[in-house]
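Have a look at the structure below before the remarks.
Numbering (this note's numbering), first residue to last: 10 to 212.
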């Protein structure tokens, strides 16, 4: 549990749940996010998630500076972005059920990786950011080869919505296996890395 107040720059229920389960008290200030790419390859996944996490932090900083939200003294602002990468192709959040199906067929029978860019910064009473720390977590997973009926069943559940790569490790589907790295990173917020980054700010 952090000894300093936290602001989470995210509307993600998965990220909020992970923070609560770790015992943190925090405020939620979602960034004003535009349309996110679902499949893109303009840059590498590490560069993409760090850039997007920093953009989220800066967006929330601007909201805090211009809004009525009371900023706790000495607080830390947390922003994170997560994508999956398979065969060099970056998979963000699917735009539709058909898009999600395309992603799941691509991931079926493969080893792939999940990248999270994590930004932690001090935020003063005016919303100004300082001491911005940016780091990356990478987890590796393997997905069983799926039958079309398995994919159709998962798509019908709606569990793919809002999840990078159209799949949630927390859904415990039984055909997605963590090989290496942080489980919480795959869910959307690398808690082990976050704990180290927060601790470094508290020294």
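In this text, a Cβ means the ideal position worked out from N, Cα and C, and glycines have one as well.
These numbers come from a predicted model, not from an experiment.
DSSP places residue 120 inside the beta strand (DSSP E), whose first and last residues are 120-132. In the structure shown, residue 146 adopts extended strand secondary structure according to DSSP, grouped into three states. Short of 6 Å from the beta carbon of residue 20, and not among the five residues preceding or following it, lie these beta carbons of its own chain, in chain order: 39. In this structure, DSSP gives residue 13 a state outside helix and strand, which the three-state scheme calls coil.
Within the region 31-84, the complete alpha helix (DSSP H) segments at least 4 residues long are 54-75, listed from N- to C-terminus. Proximity to residue 210 across 31, 87 and 77 peaks at 87, based on C-alpha coordinates.
Counting along the chain, residue 187 sits inside no alpha helix (DSSP H); it lies in the beta strand (DSSP E) bounded by residues 185-189.
Annotation for residue 84: 14, 16 and 132 place their beta carbon closer than 6 Å to its own, counting only its chain and skipping 5 residues before and after. Taking the Cα positions, residue 150 is about 41 Å away from residue 134. In the assembly as shown, residue 166 is an exposed residue. Its beta-carbon has fewer than 16 other beta-carbons within 10 Å. One thing to note: residue 125 has its Cβ no nearer than 7 Å to the Cβ of residue 22. About 6 Å separates the beta carbon of residue 138 from that of residue 66, a gap short enough to meet the 8 Å contact definition.
When DSSP reads this structure, residue 93 sits in a beta bridge with 100 and 123. The straight-line gap separating the alpha-carbon atoms of residue 74 and residue 157 is approximately 49 Å. Assignment of residue 141 by DSSP, reduced to helix, strand and coil, places it in the strand class.
With fewer than 16 neighbouring CB atoms inside 10 Å of its own CB, residue 188 falls in the exposed class. Apart from the 5 residues on each side of it in sequence, residue 109 sits with its Cβ closer than 7 Å to the Cβ of 103, 164, 169 and 175 in its chain, given in chain order. Note on geometry: alpha-carbon atoms of residue 29 and residue 89 lie some 16 Å from one another.
The closest CA to that of residue 91, considering only 118, 171, 80 and 105, is found on 171. When only Cα atoms are considered, residue 144 and residue 41 end up about 22 Å apart.
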